[in-house]
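S.K.:
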Amino acid sequence: QVSDGSLTVLSVSREDRGAYTCRAYSIQGEAVHTTRLLVQGPPFIVSPPENITVNISQDALFTCQAEAYPGNLTYLWYWEEENVYFKNDLKLRVRILIDGTLIIFRVKPEDAGKYTCIPSNSLGRSPSASAYLTVQYPARVVNMPPVIYVPIGIHGYIRCPVEAEPPVTLVKWNKDGRPLRIEKYSGWNLLEDGSIRIEEATEDALGTYTCVPYNALGTMGQSPPARLVLKDPPYFTVLPGWEYRQEAGRELLIPCAAAGDPFPIIAWRKVGKPSRSKHNTLPGGTLQIRSLGKDDHGEWECVATNVVASITASTHLTVVGTSPHAPTSVHVVVAMTSANVSWEPGYDGGYEQTFSVWYGPLMKRAQFGPHDWLSLPVPAGSSWLLVDTLEPETAYQFSVLAQNKLGTSSFSEVVTVNTLAFPVTTPEPLVLVTPPRCLTANRTQQGVLLSWLPPANHSFPIDRYIMEFRVAERWEILDDGILGTENEFFAKDLSQDTWYEFRVLAVMQDLISEPSNVAGVSST
């Protein structure tokens, strides 16, 4: 602002710095005066560092140029979160120049990572800028063990622990000083990472092994020799039960014990979503959960590990007395002005649960959350709902909520769909497909034979069937292309000693039926 010959700069910022010229005029002539405005403040980075890639033993250079007033600039550089002058080994090979440039001499693979420049003049908050250093080097073997333990009776691995940038492209193996011809050994396979997988080890595997890894830059040489030893894997002496059922807030102990040489370490883990409750593995291997919570519900695994192998035993924990778990597998089939919403109910928490479908136009999503959407109650016992009175050619979002007498679940995943446009011809009415019937599962020597009857009273041919299975809480697709004329399916390659549950769905004119009854069988 200019007032009575004075210039006022409001809310001074860095952009206001520079030369200002005042010109005064009268009938006697003109007077000119120039002054320079310097703006005090923290530095501003005008040339940030950029990502660089160098080969091992070369020098790396990061630039970092800043401007500030006062100009008594100092520069700090960090590797990850550590000052480069405090990092062992690196501190002897770095130099920070007066203009902020960082030089790393004779780079090593361990120098790779994020480097951050922080200029400072002791005013305000210092800015920062980061860039990444990639160090390329030939493939090398790191920490090859002197002894490789391979379990007897189950599959095992001979691994070549490798570091490389760019990644490894080839690993060559020697056995007892001679090139190893893997194809000569039945059940042996060379994996993409260079490891050897042995389906079932015999005494032919005994010997001394070395490996040589390669990448685009070559190799740093052969690994130290490693002697292969066959040992029995650990084994369970106490197995957890198939299922445990306990009320929320109560303590639960699930036994598990194992033995072996060397003696295995036992750890417990929850499959899928981790538990937030405090749980401990007692010295004997028993799982202790002091106060059961909703997140503890689901599949748990007891894992016994030693240098030979890891073995796993599973159990299912049902926590009674909680709010329901969120519905899953939400599927929406749209028409012009309606949508058929279906879902997979989550665990009901031990009480009868009901559902409600929440929906709203996508354009309102930026202004409103799911709680501001419209909601429709679902009839008891149903896991689908037809939502009508929608607008054609409009994007909608749908979510499903479960509730029981203790509360509500979290919302299911949000599904976004577009309703159909007005057709040229009158659309056929929406047809609901009834589920397949009488699914049975029979175990044979080759696998599990699944049989069913087609849906009752279907007016159109069945296009195909979808077979789903689960071993824990979540359903997964086993085959989604079974011909509509079939009523049998053979499930092969199932895991041993595992309880499987199956269900089948019918697909007709792009509509998916509700699932059939559930059939269970053990793969033992």
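Per this note's numbering, the very first residue in the sequence shown carries number 8; after that it's consecutive.
By construction, the Cβ of each residue, glycine as well, lies at the ideal position given by its N, Cα and C atoms.
Here's the rule I'm using: 16 or more other beta-carbon atoms within 10 Å means buried, otherwise exposed. How should residue 259 be labelled?
M.R.: Locating residue 259 in the sequence shown gives position 252, counting from the first residue. Buried, because 16 or more other Cβ atoms sit within 10 Å of the Cβ of residue 259.
S.K.: By Cβ distance, which residues of its chain are closer than 7 Å to residue 151, with the 5 residues on each side in sequence left out?
M.R.: For the purposes of this step, residue 151 is taken as residue 144 along the sequence shown, with counting starting at 1. Excluding sequence neighbours, residue 151 sits near 168, 230, 231, 233.
S.K.: Do residue 138 and residue 69 have their C-beta atoms within less than 8 Å of each other?
M.R.: For the purposes of this step, residue 138 is taken as residue 131 along the sequence shown, with counting starting at 1. For the purposes of this step, residue 69 is taken as residue 62 along the sequence shown, with counting starting at 1. Yes, they are a contact pair.
S.K.: Can you give the beta carbon distance from residue 426 to residue 515, rounded, assuming they're within the 8 Å contact cut?
M.R.: Taking the first residue of the sequence shown as 1, we reach residue 426 at position 419. Taking the first residue of the sequence shown as 1, we reach residue 515 at position 508. Going by Cβ atoms, the distance from residue 426 to residue 515 rounds to 21 Å, so no, they are not a contact pair.
S.K.: I need the boundaries of the beta strand (DSSP E) containing residue 121, first residue and last residue.
M.R.: Within the sequence shown, residue 121 is the residue found at index 114, counting from 1. Looking at the DSSP string, the run of the beta strand (DSSP E) that includes residue 121 is 120-127.
S.K.: Distance, Cα to Cα, residue 277 vs residue 470?
M.R.: Here residue 277 refers to the residue found at position 270 when the sequence shown is read from its first residue. Here residue 470 refers to the residue found at position 463 when the sequence shown is read from its first residue. Cα to Cα, the separation comes out at about 39 Å.
S.K.: Does residue 226 pass the burial test, meaning 16 or more other C-beta atoms within 10 Å, or should it be called exposed?
M.R.: Numbered from 1 along the sequence shown, position 219 holds the residue referred to as residue 226. Answer is buried; the Cβ neighbour count reaches 16.
S.K.: In whole angstroms, what is the alpha-carbon distance linking residue 146 and residue 83?
M.R.: Counting from 1 along the sequence shown, the entry for residue 146 is found at position 139. Counting from 1 along the sequence shown, the entry for residue 83 is found at position 76. For residue 146 and residue 83, the distance between alpha carbons rounds to 33 Å.
S.K.: What is the DSSP secondary structure of residue 512, counted as helix, strand or coil?
M.R.: Taking the first residue of the sequence shown as position 1, residue 512 is located at position 505. In this structure, residue 512 counts as strand in the three-state DSSP scheme.
S.K.: Would you mind sorting residue 484 into buried or exposed? The rule is 16 or more other CB atoms within 10 Å of its CB.
M.R.: Along the sequence shown, read from residue 1 onward, the residue named residue 484 stands at position 477. Exposed, by the Cβ-count rule.
S.K.: Give the list of continuous beta strand (DSSP E) stretches no shorter than 3 residues that lie fully inside the region 208-280.
M.R.: You should have 214-221, 233-238, 242-245, 250-254, 259-261, 264-266, 272-277.
S.K.: Taking C-alpha atoms, which residue in 54, 359, 394 lies nearest to residue 341?
M.R.: Looking up residue 341 in the sequence shown gives position 334. The residue with the shortest Cα to Cα distance from residue 341 is 394.
S.K.: Using CA atoms only, rank isn't needed, just tell me which of 20, 37, 289, 190 is closest to residue 44.
M.R.: The sequence position of residue 44 within the sequence shown is 37, counting from 1. The shortest Cα separation from residue 44 among 20, 37, 289, 190 belongs to 20.
S.K.: Which first and last residues belong to the beta strand (DSSP E) in which residue 474 is found?
M.R.: Numbered from its first residue, the sequence shown carries residue 474 at position 467. Segment 471-477, the beta strand (DSSP E) holding residue 474.
S.K.: Locate the beta strand (DSSP E) running through residue 179, then write down its first and last residues.
M.R.: Looking up residue 179 in the sequence shown gives position 172. First-last of the beta strand (DSSP E) with residue 179: 177-182.
S.K.: Just the Cα atoms here: how many angstroms apart are residue 452 and residue 224?
M.R.: As a position in the sequence shown, residue 452 is number 445, starting the count at 1. As a position in the sequence shown, residue 224 is number 217, starting the count at 1. For residue 452 and residue 224, the distance between alpha carbons rounds to 51 Å.
S.K.: Between residue 241 and residue 316, which are expected to be in contact by the criterion C-beta below 8 Å, what is the C-beta distance as a whole number of angstroms?
M.R.: On the sequence shown, residue 241 is found 234 positions in, with the first residue counted as 1. On the sequence shown, residue 316 is found 309 positions in, with the first residue counted as 1. Sure, about 7 Å apart at Cβ, within 8 Å.
S.K.: Do residue 421 and residue 392 have their C-beta atoms closer together than 8 Å?
M.R.: Here residue 421 refers to the residue found at position 414 of the sequence shown. Here residue 392 refers to the residue found at position 385 of the sequence shown. No, the pair does not count as a contact, with Cβ atoms beyond the cut-off.
S.K.: At the level of alpha carbons, what is the spacing between residue 113 and residue 312?
M.R.: In the sequence shown, residue 113 corresponds to position 106, counting from 1. In the sequence shown, residue 312 corresponds to position 305, counting from 1. For residue 113 and residue 312, the distance between alpha carbons rounds to 41 Å.
S.K.: Using the three-state DSSP reduction, which class does residue 372 fall into: helix, strand or coil?
M.R.: Counting from 1 along the sequence shown, the entry for residue 372 is found at position 365. Bear in mind that the predicted position of residue 372 carries a pLDDT of just 46, short of 50, making it unreliable; the figure below should be weighed with that in mind. Three-state DSSP puts residue 372 in coil, outside helix and strand.
S.K.: Are the Cβ atoms of residue 455 and residue 507 separated by less than 8 Å?
M.R.: For this step, residue 455 is matched to residue 448 along the sequence shown. For this step, residue 507 is matched to residue 500 along the sequence shown. Their beta carbons are under 8 Å apart, which means residue 455 touches residue 507 by this criterion.
S.K.: So, does the region 203-217 touch the region 243-262, judging by three or more C-beta pairs under 8 Å?
M.R.: Cβ pair count under 8 Å is below three, so no.
S.K.: Thinking just about the alpha-carbon of each residue, which of 467, 53, 193 is nearest to the one in residue 440?
M.R.: On the sequence shown, residue 440 is found 433 positions in, with the first residue counted as 1. It is 467 whose Cα lies nearest to the Cα of residue 440.
S.K.: Report the rounded CA-to-CA distance for residue 478 versus residue 349, giving the unit in angstroms.
M.R.: What you label residue 478 is simply residue 471 of the sequence shown in a count that begins at 1. What you label residue 349 is simply residue 342 of the sequence shown in a count that begins at 1. If you take the alpha carbons of residue 478 and residue 349, they lie about 22 Å apart.
S.K.: Whole angstroms are fine: how far does the CA of residue 148 sit from the CA of residue 176?
M.R.: What you label residue 176 is simply residue 169 of the sequence shown in a count that begins at 1. What you label residue 148 is simply residue 141 of the sequence shown in a count that begins at 1. The straight-line gap from Cα to Cα measures roughly 14 Å.
S.K.: Distance check for residue 123 and residue 390, CA to CA, integer angstroms please.
M.R.: To locate residue 390, count along the sequence shown from 1; it is residue 383. To locate residue 123, count along the sequence shown from 1; it is residue 116. Each residue's alpha carbon lies about 53 Å from the other.
S.K.: Under the three-state reduction of DSSP, which class applies to residue 198: helix, strand or coil?
M.R.: Position 191 of the sequence shown holds residue 198. Reduced to three states, the DSSP call for residue 198 is coil.
S.K.: Short check: CB of residue 304 to CB of residue 326, under 8 Å?
M.R.: Against the sequence shown, residue 304 aligns to sequence position 297. Against the sequence shown, residue 326 aligns to sequence position 319. Yes, Cβ-Cβ distance for residue 304 and residue 326 is below 8 Å.
S.K.: Around the C-beta of residue 222, are 16 or more other C-beta atoms found within 10 angstroms, so that it is buried, or is it exposed?
M.R.: As a position in the sequence shown, residue 222 is number 215, starting the count at 1. Flag for residue 222 reads buried.
S.K.: Relative to the C-alpha of residue 297, which candidate in 91, 352, 254 has its C-alpha closest?
M.R.: Position 290 of the sequence shown holds residue 297. Closest option to residue 297, Cα to Cα, is 254.
S.K.: Within 10 Å of its beta-carbon, does residue 40 have 16 or more other beta-carbons around it, so buried, or fewer, so exposed?
M.R.: Position 33 of the sequence shown, counted from the start, is the residue given in the question as residue 40. Classification for residue 40: exposed.
S.K.: Give the range of the beta strand (DSSP E) segment to which residue 69 is assigned.
M.R.: Here residue 69 refers to the residue found at position 62 when the sequence shown is read from its first residue. It spans 67-69 - the beta strand (DSSP E) in which residue 69 sits, taken as one unbroken run.
S.K.: Would you tell me roughly how many angstroms separate the C-alpha atoms of residue 299 and residue 284, rounded to the nearest one?
M.R.: Numbered from 1 along the sequence shown, position 292 holds the residue referred to as residue 299. Numbered from 1 along the sequence shown, position 277 holds the residue referred to as residue 284. Each residue's Cα considered, the two are about 7 Å apart.
S.K.: Starting from residue 402, trace the beta strand (DSSP E) both ways and give me its first and last residue.
M.R.: Within the sequence shown, numbered from 1, the residue matching residue 402 stands at position 395. Element bounds for residue 402: 402-411.
S.K.: Would you mind giving the Cβ-Cβ distance between residue 48 and residue 75, rounded to the nearest angstrom? I have them listed as a contact below 8 Å.
M.R.: Taking the sequence shown and counting its residues from 1, the one referred to as residue 48 is at position 41. Taking the sequence shown and counting its residues from 1, the one referred to as residue 75 is at position 68. Confirmed, about 7 Å.
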